[in-house]
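Trainee: Residue numbers (our numbering), protein chains in the order written: chain L, 1 to 403; chain R, 1001 to 1403.
Number of protein chains: 2
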Amino acid sequence: MLIEDKFMTLATDNAPGQEMRSKADNITHQMKGGTLIGTPVDFSHGDVDAFEPTPGSFDAFADGVHAGGKQAYTEYRGSASIRSVVAGRVGAFTGAPVDANEELIITPGTQGALFLAVAATVTNGDKVAIVQPDYFANRKLVQFFGGEMVPVILGYEGKDHDAGINLNELEQAFEAGAKVFVFSNPNNPTGVVYSKTEIEAIAKLAKAYGATVIVDQLYSRLRYEGTSYTHLRALSERPNNLITIMGPSKSESLSGYRLGAAFGSAHLIERMEKLQAIVSLRASGYNQAVLNTWFNEPSGWMEERIRLHQAIRDDLVSTFRGAGLPVRVPQAGSYLFPKLPALEVGPHDFVKLLRHQTGVIATPGSEFGPHSLDSVRLNFSQDHTAAVAAVKRLVELVERYKK
Amino acid sequence: MLIEDKFMTLATDNAPGQEMRSKADNITHQMKGGTLIGTPVDFSHGDVDAFEPTPGSFDAFADGVHAGGKQAYTEYRGSASIRSVVAGRVGAFTGAPVDANEELIITPGTQGALFLAVAATVTNGDKVAIVQPDYFANRKLVQFFGGEMVPVILGYEGKDHDAGINLNELEQAFEAGAKVFVFSNPNNPTGVVYSKTEIEAIAKLAKAYGATVIVDQLYSRLRYEGTSYTHLRALSERPNNLITIMGPSKSESLSGYRLGAAFGSAHLIERMEKLQAIVSLRASGYNQAVLNTWFNEPSGWMEERIRLHQAIRDDLVSTFRGAGLPVRVPQAGSYLFPKLPALEVGPHDFVKLLRHQTGVIATPGSEFGPHSLDSVRLNFSQDHTAAVAAVKRLVELVERYKK
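Have a look at this one:
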């Protein structure tokens, strides 16, 4: 593959957070009506001013700086003492022990963990099963390493218990030779959680076919009332090669520190460390110290954060449904993935018009797979009042452009 | 290539900073004599407790945290306002302007910049010219992306003006189809600086053959008395595709913040940003704010830092030469690369014995190329007294194991 082609697949033109680099195409000729005034809301990511970083996180960072050289230069996989703390806590959270010395690596964000995990398992010509819709980087990573994507549909609409993965397609993917399965749980962009039955079936299939599973559990702490969650790694029947990814960037609002962790099969973690040595050496040494606050927040803090997010979720779901726009109620995390009706403008132009006419930034569904062009993703970890008003403007704009 | 083989080339067993993970092989049967007592010195990297981070760096970080969401979530290539500051300063330093919007990316350390630059220019089967000896990651990166390394010898010994690059070999590499040339200037591990004649010749050859040049100038600020430095990017006759890499991890002791910058050809910077989006998203947002201190240190601060390093350099060079061990005087940076005589033990075992018997950590020459197995690299950015005592113990151990 020519290097030009390799990078063609990595387009970031519609990627969340890159809106400010988007060329100011002239869309005024498509514009219907004037602007709708209101507080701008950037739903492409959570607002860490509305939901602030974990209490004590800055102090933990300052402790890291004061610790000096030994904190600045850690092993490539991260400081041994911090790995020990984190391994204990993620082991307890996920229900199965993690060996701090061999089974865990600290990375620059969960993105860093995902990159290393895919790089450690996928090379030219490898088939990789990928859920549609799912986090956009999964697909791009497979393409970058020369892998071949085998799609597995997530039929999330109209369900309220199962996530809706098509297990027949997953088995067919394994039969066709897929060596790796990458998925997020809770699913990004829909916020649905895989049921115990689904996770057990995934684990059983992967084990039977000898496939590696990479499960991105970034949002698995922020779970709403009535949601039960199954950690694949805690099942007795699970694949031999399994990497679980988590990090404090979302529910804990620590994204500015770029921290993530991957834990699982020791030989894969070892590969990931070898690669991290030439990718970025290590997660910033001082930043690593912030992980001391992770899973150690003040009593009741996470519960309150969940309660506040659930209240926003419920108001936004009501607003969308009240306007006749279908949306599944997310069971965890802070993404909403409503479906828009047929519009007079293309989906990317609508997102641009939305930004210019209402000050609302949403991520087009095309980023998450080819079957969700008519949806937009909203990260509703925002100021409650501003978010409700912004979604009302969004709904009003949909009405304007509806066919 | 099988993925197992791909990762075989990425061994980190002897990589600097990974000594604590090195399996405790039993080397006592090879041990001659007892231990030599003294303050332990880890020459694998600089000691940021002996040479502290730039004054004001922590305050700049704190300002970043207080700025909140807009600093936590920057564009993937880094905050626009910080890029603007950095572009102005590196443009002035290197003698040619840098467009902040199109020609610069902020990365997690210079390692992050090097990774992205090689990934943006090298793919399966591409030939890449690599200097021997040079920074170990250059070779590993080329191998990881399936490139083919074409070695170019740096005959640094016995010279005191030219770095010693074999320009005939470089031209042969280009003739043989090398599309990319990666090198560090000042050279890591030897500390030699390429002369104006050499840099002009490299630029001319690369331009003539249409090759891309990636030049790692990490240490180009810490230059000793009498050293002149030529920035390749400021030459009027230079290659069309050129990336220059710098960062504040070394001379400025800001390694704990993991910051780097790459600047040059806009289309390559664009590829690097697309890739950064799936590698780590961005350099930690808050950390980026620390770049506001870069090239803006208190008056006289860098001059004093250079003076102190030059004094250590001179004492260590005298100690090595006094014991009959050849070493070229580094013109910049803080690496020494002395040559050891024939020993009764292998070079990796000697490094282990050195660590166990004297508390001195050095990096084996094998990390930098196949022709320097008889050298060791020392980063002498250390406490002056401790460093001199440590090198005396090293020299004493060499005497013990000399054939």
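Every residue gets a Cβ at the ideal spot worked out from N, C-alpha and C, and that includes glycine.
If leucine 1242 of chain R and arginine 1233 of chain R are in contact, beta carbons under 8 Å, what's the gap, nearest whole angstrom?
Mentor: Confirmed, about 6 Å.
Trainee: In chain order, what residues of the same chain have a beta carbon less than 8 Å from the beta carbon of isoleucine 1269 of chain R, not counting five sequence neighbours either side?
Mentor: Arg1077, Glu1102, Glu1103, Leu1104, Ile1105, Ile1243, Ala1262, Phe1263.
Trainee: Note down the Cα distance separating glutamine 1408 of chain R from serine 57 of chain L, rounded to an integer number of angstroms.
Mentor: In the structure displayed, chain R extends from 1001 to 1403; residue 1408 of chain R sits before or after that span and is not available.
Trainee: Label asparagine 1168 of chain R either buried or exposed according to how many other C-beta atoms from any shown protein chain fall within 10 Å of its C-beta, with 16 as the threshold for buried.
Mentor: Answer is exposed; the Cβ neighbour count stays below 16.
Trainee: Expressed to the nearest angstrom, what Euclidean distance is found between the alpha-carbon atoms of threonine 1012 of chain R and phenylalanine 1115 of chain R?
Mentor: Each residue's Cα considered, the two are about 16 Å apart.
Trainee: Please confirm if leucine 1281 of chain R has its CB atom under 8 Å from at least one CB of chain L.
Mentor: Leucine 1281 of chain R counts as touching chain L.
Trainee: Alpha carbon to alpha carbon, how far is alanine 1080 of chain R from asparagine 1287 of chain R? Give it in angstroms, no decimals.
Mentor: Cα-Cα distance, rounded: 14 Å.
Trainee: Within its chain, find whatever has a CB closer than 6 Å to the CB of proline 1108 of chain R; leave out the 5 residues flanking it on each side and keep chain order.
Mentor: These residues qualify, in order along the chain: Arg1258, Ser1280, Ala1283.
Trainee: Among L:Ile312, L:Ala266, L:Asp99, which residue has its Cα nearest to the Cα of alanine 387 of chain L?
Mentor: Comparing Cα positions, the closest option is L:Ile312.
Trainee: Looking at the strands, I want to know which residues DSSP matches up with methionine 1246 of chain R.
Mentor: For methionine 1246 of chain R, which the question treats as bridged, DSSP gives the partners R:Ala1261.
Trainee: Determine, using beta carbons only, whether alanine 1163 of chain R and serine 1195 of chain R come nearer to each other than 8 Å.
Mentor: Going by C-beta atoms, alanine 1163 of chain R is nearer than 8 Å to serine 1195 of chain R.
Trainee: For isoleucine 202 of chain L versus valine 182 of chain L, is the C-beta distance shorter than 8 Å?
Mentor: No, they are not a contact pair.
Trainee: In whole angstroms, give me the CA-to-CA distance for proline 1330 of chain R and arginine 1271 of chain R.
Mentor: In a straight line, the C-alpha of proline 1330 of chain R is about 35 Å away from that of arginine 1271 of chain R.
Trainee: Run through chain R and tell me which residues come within less than 8 Å of threonine 12 of chain L, C-beta to C-beta.
Mentor: By Cβ distance, chain R contributes Tyr1076, Glu1273, Lys1274, Ala1277.
Trainee: How many Å lie between glutamine 30 of chain L and threonine 358 of chain L at the Cα?
Mentor: C-alpha separation (whole angstroms): 15 Å.
Trainee: Can you find a CB in chain L that lies within less than 8 Å of the CB of aspartate 1059 of chain R?
Mentor: It does not; no Cβ of chain L falls within 8 Å.
Trainee: Measure the C-alpha to C-alpha separation of serine 299 of chain L and serine 44 of chain L and round it to an integer number of angstroms.
Mentor: Distance between the alpha carbons of serine 299 of chain L and serine 44 of chain L is about 30 Å.
Trainee: Considering only residues of the segment 1076-1145 of chain R, which uninterrupted beta strand (DSSP E) runs meet the minimum length of 3 residues and lie entirely inside it, listed in chain order?
Mentor: Runs of the beta strand (DSSP E) inside the segment 1076-1145 of chain R: 1104-1107, 1127-1132.
Trainee: Who pairs with valine 290 of chain L in a beta bridge, going by DSSP?
Mentor: Paired residues: none, contrary to the question.
Trainee: Please look up how many angstroms separate the CB atoms of valine 1192 of chain R and tyrosine 1156 of chain R, rounded, as I've assumed it's under 8 Å.
Mentor: Yes, valine 1192 of chain R and tyrosine 1156 of chain R are in contact; Cβ-Cβ is about 5 Å, under 8 Å.
Trainee: Report the option in R:Ser1366, R:Ser1184, R:Val1290, R:Asn1240 whose CA atom is closest to the CA atom of alanine 1206 of chain R.
Mentor: It is R:Asn1240.
Trainee: Give me the chain L residues within the contact set of serine 1251 of chain R, using Cβ-Cβ distance strictly less than 7 Å, ordered along the chain.
Mentor: In chain order: nothing, as chain L lies at least about 15 Å away.
Trainee: Once DSSP output is grouped into helix, strand and coil, what is the label at proline 364 of chain L?
Mentor: DSSP places proline 364 of chain L in strand when its eight states are reduced to three.
Trainee: Roughly how many whole angstroms lie between the Cα atoms of isoleucine 1306 of chain R and phenylalanine 337 of chain L?
Mentor: Straight-line Cα distance between these residues: approximately 56 Å.
Trainee: Should isoleucine 199 of chain L go down as buried or exposed, given a rule of 16 or more other Cβ atoms within 10 Å for buried?
Mentor: Buried is the call here.
Trainee: Out of R:Tyr1209, R:Ala1211, R:Lys1250, state which residue places its alpha-carbon closest to the alpha-carbon of serine 1220 of chain R.
Mentor: Checking every option, the nearest Cα to that of serine 1220 of chain R belongs to R:Lys1250.
Trainee: Would you report the Cα separation of threonine 35 of chain L and histidine 356 of chain L, rounded to the nearest angstrom?
Mentor: The alpha-carbon atoms of threonine 35 of chain L and histidine 356 of chain L are separated by roughly 8 Å.
Trainee: Applying the 10 Å Cβ sphere with the 16-neighbour rule, what's the burial state of glutamate 1075 of chain R?
Mentor: With 16 or more Cβ atoms within 10 Å of its Cβ, glutamate 1075 of chain R is classed as buried.
Trainee: Buried or exposed, going by whether 16 or more other CB atoms sit within 10 Å of the CB of alanine 1087 of chain R?
Mentor: Buried: at least 16 other Cβ atoms inside 10 Å.
Trainee: For threonine 1123 of chain R, go through chain L and note every residue whose CB falls closer than 7 Å to its CB, in chain order.
Mentor: Ordered by position in chain L, the residues that pass the 7 Å Cβ test against threonine 1123 of chain R are Met1, Ile3, Lys6.
Trainee: Closest to aspartate 1160 of chain R by CA distance: which of R:Thr1385, R:Ala1332, R:Phe1368, R:Val1398 is it?
Mentor: Comparing Cα-Cα distances from aspartate 1160 of chain R to each of R:Thr1385, R:Ala1332, R:Phe1368, R:Val1398, the minimum goes to R:Ala1332.
Trainee: Could you spell out the range, first to last residue, of the alpha helix (DSSP H) harbouring isoleucine 269 of chain L?
Mentor: Per DSSP, isoleucine 269 of chain L belongs to the alpha helix (DSSP H) from 266-279.
Trainee: Would glycine 112 of chain L pass as a contact of glycine 260 of chain L if the rule is Cβ separation under 8 Å?
Mentor: Yes, the pair counts as a contact, with Cβ atoms nearer than the cut-off.
Trainee: Per DSSP, phenylalanine 1007 of chain R is paired with what?
Mentor: Answer is none; phenylalanine 1007 of chain R lacks a bridge partner.
Trainee: Can you list, in chain order, the residues of its chain with a C-beta nearer than 6 Å to that of glycine 1064 of chain R? Leave out the 5 residues immediately preceding and following it.
Mentor: Excluding sequence neighbours, glycine 1064 of chain R sits near Gln1071, Tyr1286, Ala1289.
Trainee: Taking the continuous beta strand (DSSP E) assigned at valine 1395 of chain R, which residues delimit it?
Mentor: First-last for valine 1395 of chain R: 1384-1401, but that is the alpha helix (DSSP H), not the beta strand (DSSP E).
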